[in-house]
Amino acid sequence: MYDVIVVGARCAGAATALLLARQGVRVLLTDRTAFPSDTISTHLLHPTGVARLRAWGLLDPLLATGCPPIDTISFQAADDLVLRAAPYPCDGAAVSLAPRRTVLDALLVEAAVAAGAELREGVSFQRVVWEDGRAVGAAFGGRGGAFTERAALIIGADGRHSAVARQVEAKTVRDVGTFGCQFYGYWHGLPNVGTQIFIGGGQAVLAYPTHDEHHLVLVGWPHARFAEVKQDLDRHFLAAVGTTAPAVAEQLTDATHTGSITGSGDLGNYIRESAGPGWALVGDAATAKDPVTAQGIGDAFAQAQSLADRLPTALAAGPQAVDAATAAHAADRNRATSAAFETTLTFAMGGNSGALLPLLRAIEHRPELISMFYGIYAGQFTMAEFATAVG
Ligand SMILES: Cc1cc2nc3c(=O)[nH]c(=O)nc-3n(C[C@H](O)[C@H](O)[C@H](O)COP(=O)(O)OP(=O)(O)OC[C@H]3O[C@@H](n4cnc5c(N)ncnc54)[C@H](O)[C@@H]3O)c2cc1C
Numbered sequence: 124m125y126d127v128i129v130v131g132a133r134c135a136g137a138a139t140a141l142l143l144a145r146q147g148v149r150v151l152l153t154d155r156t157a158f159p160s161d162t163i164s165t166h167l168l169h170p171t172g173v174a175r176l177r178a179w180g181l182l183d184p185l186l187a188t189g190c191p192p193i194d195t196i197s198f199q200a201a202d203d204l205v206l207r208a209a210p211y212p213c214d215g216a217a218v219s220l221a222p223r224r225t226v227l228d229a230l231l232v233e234a235a236v237a238a239g240a241e242l243r244e245g246v247s248f249q250r251v252v253w254e255d256g257r258a259v260g261a262a263f264g265g266r267g268g269a270f271t272e273r274a275a276l277i278i279g280a281d282g283r284h285s286a287v288a289r290q291v292e293a294k295t296v297r298d299v300g301t302f303g304c305q306f307y308g309y310w311h312g313l314p315n316v317g318t319q320i321f322i323g324g325g326q327a328v329l330a331y332p333t334h335d336e337h338h339l340v341l342v343g344w345p346h347a348r349f350a351e352v353k354q355d356l357d358r359h360f361l362a363a364v365g366t367t368a369p370a371v372a373e374q375l376t377d378a379t380h381t382g383s384i385t386g387s388g389d390l391g392n393y394i395r396e397s398a399g400p401g402w403a404l405v406g407d408a409a410t411a412k413d414p415v416t417a418q419g420i421g422d423a424f425a426q427a428q429s430l431a432d433r434l435p436t437a438l439a440a441g442p443q444a445v446d447a448a449t450a451a452h453a454a455d456r457n458r459a460t461s462a463a464f465e466t467t468l469t470f471a472m473g474g475n476s477g478a479l480l481p482l483l484r485a486i487e488h489r490p491e492l493i494s495m496f497y498g499i500y501a502g503q504f505t506m507a508e509f510a511t512a513v514g
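For the sequence shown, the residue numbers in my numbering are 124 to 514.
Here you go:
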């Protein structure tokens with residue numbers, strides 16, 4: 124008998140397991156994959172997420188893996204307009220990071236195990252075990268054979284296509300659709316000038332440094348172009364970089380491309396009911412939004428913290444207290460993230476482009492407001508707050 128079974132062991136599940144295990148909660152952490160393992164995702168982490176890693180004692184271990192701190196962002200919004208500033212700080216963290224998921228997720232998993240969580244890899248969640256309308260356990264299959272375990276709470280941290288969400292019949296309370304697609308690859312040998320963002324020609328190009336002296340270069344297109352670009356990905360990718368970010372295209376000619384270009388058009392924006400009797404959802408299983416604002420990993424961390432702050436006392440008090448705690452967590456999550464959800468939708472739909480340019484021209488020589496503009500991407504400010512500050 125565990126207190127909690129967590130299904131999915133990446134940035135939402137492993138972080139939740141870590142924070143709970145550190146408080147003495149008996150956690151079974153499960154994943155169908157084995158770590159280290161990559162996943163389809165770019166991986167920019169704003170100072171908001173970096174601050175959480177620092178609070179959890181994981182920032183220094185992550186930096187020690189050779190993950191380069193990013194203290195400058197440049198944003199080319201028009202041929203004659205390049206904004207350059209530091210990321211907006213959060214709790215004293217003033218850098219972004221872009222850790223490879225092979226490294227970040229494995230670090231979280233190792234920390235959870237070191238804190239006392241039991242890890243079972245290569246096991247695939249199959250179904251919830253119910254008793255009197257309450258989730259009381261989970262059944263698994265996979266390489267290690269079939270088994271069932273019981274717990275006071277089943278946490279689904281199993282991503283966008285969450286099997287736990289399906290099993291508990293979590294209602295989708297908001298489903299706004301899909302607006303973008305993103306493709307990316309890795310190059311060795313680009314100069315480290317921080318995160319570079321280029322917008323133009325109906326597409327966006329980003330480049331930022333990551334592990335092993337590599338840069339991730341990504342192209343974001345409207346979802347309407349997904350089928351077309353997939354047919355000849357390398358050609359469309361390099362053409363987009365050449366058109367929208369000629370400076371990066373030039374850097375790529377002398378750099379070494381490692382691996383292949385990959386990405387996803389599975390970028391729907393939704394919010395699911397995230398708590399019920401004996402179950403809760405965290406991370407993309409609960410809510411996801413277009414990666415245009417790069418908030419998914421930081422959001423997963425925030426949800427893990429919110430749930431872990433409430434659960435240990437509730438677990439000691441019994442099932443009703445557990446359900447009250449998970450319901451309060453879900454309600455707070457909705458309140459805390461609704462503005463960032465709407466902002467992300469506006470960016471994903473390209474809805475700011477016209478209105479934004481005059482504001483950006485007004486802040487060209489005001490680095491503190493440029494940082495605040497980046498803070499919108501990190502969910503620290505709304506567009507309205509930024510517009511008011513610009514005056
Ligand atoms: C193209 C793209 C670019 C992105 N760029 C960024 C970015 O720059 N910055 C950012 O912050 N976010 C970004 N995101 C979002 C980010 O990847 C997600 O928000 C984040 O991975 C969510 O973490 P999670 O732990 O909730 O789920 P996931 O990372 O999806 O992990 C779910 C885990 O559950 C496991 N699992 C699933 N089903 C089962 C099962 N039945 N049994 C056992 N285990 C199971 C999987 O193996 C997986 O390990 C991007 C996403 C995409 C698609």
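Each residue gets a CB set at the ideal place from its N, CA and C atoms; glycine is no exception.
Classification of residue i by the beta-carbon crowding that lies within 10 angstroms, buried from 16 upward
i: residue 178; result: exposed
i: residue 199; result: buried
i: residue 296; result: exposed
i: residue 338; result: buried
i: residue 412; result: buried
i: residue 285; result: buried
i: residue 201; result: exposed
i: residue 332; result: buried
i: residue 314; result: exposed
i: residue 507; result: exposed
i: residue 443; result: exposed
i: residue 429; result: buried
i: residue 204; result: exposed
i: residue 321; result: buried
i: residue 354; result: exposed
i: residue 446; result: buried
i: residue 379; result: exposed
i: residue 421; result: buried
i: residue 436; result: exposed
i: residue 410; result: buried
C-alpha distance - residue i paired with residue j, whole-angstrom precision
i: residue 252; j: residue 289; result: 13 angstroms
i: residue 426; j: residue 359; result: 37 angstroms
i: residue 462; j: residue 505; result: 7 angstroms
i: residue 275; j: residue 311; result: 48 angstroms
i: residue 455; j: residue 438; result: 19 angstroms
i: residue 450; j: residue 278; result: 13 angstroms
i: residue 400; j: residue 466; result: 32 angstroms
i: residue 398; j: residue 125; result: 19 angstroms
i: residue 162; j: residue 341; result: 15 angstroms
i: residue 240; j: residue 149; result: 7 angstroms
i: residue 381; j: residue 406; result: 30 angstroms
i: residue 215; j: residue 170; result: 9 angstroms
i: residue 248; j: residue 137; result: 16 angstroms
i: residue 271; j: residue 423; result: 26 angstroms
i: residue 294; j: residue 131; result: 20 angstroms
i: residue 144; j: residue 180; result: 14 angstroms
i: residue 269; j: residue 365; result: 51 angstroms
i: residue 493; j: residue 155; result: 42 angstroms
i: residue 473; j: residue 298; result: 18 angstroms
i: residue 182; j: residue 316; result: 22 angstroms
i: residue 464; j: residue 416; result: 10 angstroms
i: residue 395; j: residue 328; result: 30 angstroms
i: residue 211; j: residue 483; result: 16 angstroms
i: residue 265; j: residue 479; result: 50 angstroms
Distance between beta carbons of residue j and residue i, contact taken as under 8 angstroms
i: residue 303; j: residue 367; result: So it is not a contact: roughly 15 angstroms between Cβ atoms.
i: residue 220; j: residue 141; result: Contact doesn't hold; Cβ gap of about 18 angstroms is too wide.
i: residue 273; j: residue 260; result: 4 angstroms
i: residue 255; j: residue 134; result: In fact, because the Cβ distance is near 33 angstroms, the residues do not count as touching under 8 angstroms.
i: residue 236; j: residue 267; result: Incorrect: roughly 17 angstroms between the Cβ atoms, too far for contact.
i: residue 384; j: residue 307; result: 7 angstroms
i: residue 291; j: residue 262; result: The Cβ separation is near 14 angstroms, so there is no contact.
i: residue 213; j: residue 174; result: 4 angstroms
i: residue 487; j: residue 168; result: Incorrect: roughly 27 angstroms between the Cβ atoms, too far for contact.
Residue from the options whose Cα sits closest to the Cα of residue i
i: residue 226; options: 286, 173, 258 and 158; result: 158
i: residue 152; options: 487, 168 and 234; result: 234
i: residue 470; options: 447, 489, 500 and 453; result: 500
i: residue 335; options: 509, 135, 192 and 148; result: 192
i: residue 433; options: 453, 417 and 416; result: 453
i: residue 188; options: 155, 222 and 350; result: 222
i: residue 459; options: 488, 440, 502 and 435; result: 502
i: residue 370; options: 387, 197 and 478; result: 197
i: residue 388; options: 440, 349, 414 and 408; result: 349
i: residue 281; options: 352, 351 and 128; result: 128
i: residue 491; options: 440, 374 and 208; result: 208
Residue i beta carbon near ligand 2 (any heavy atom closer than 7 angstroms)
i: residue 168; result: Here the bound small molecules are ligand 1; ligand 2 is not part of this structure.
Cutoff 8 angstroms: residue i Cβ touching any chain C Cβ
i: residue 505; result: The displayed structure is made up of one protein chain only, and chain C is not part of it.
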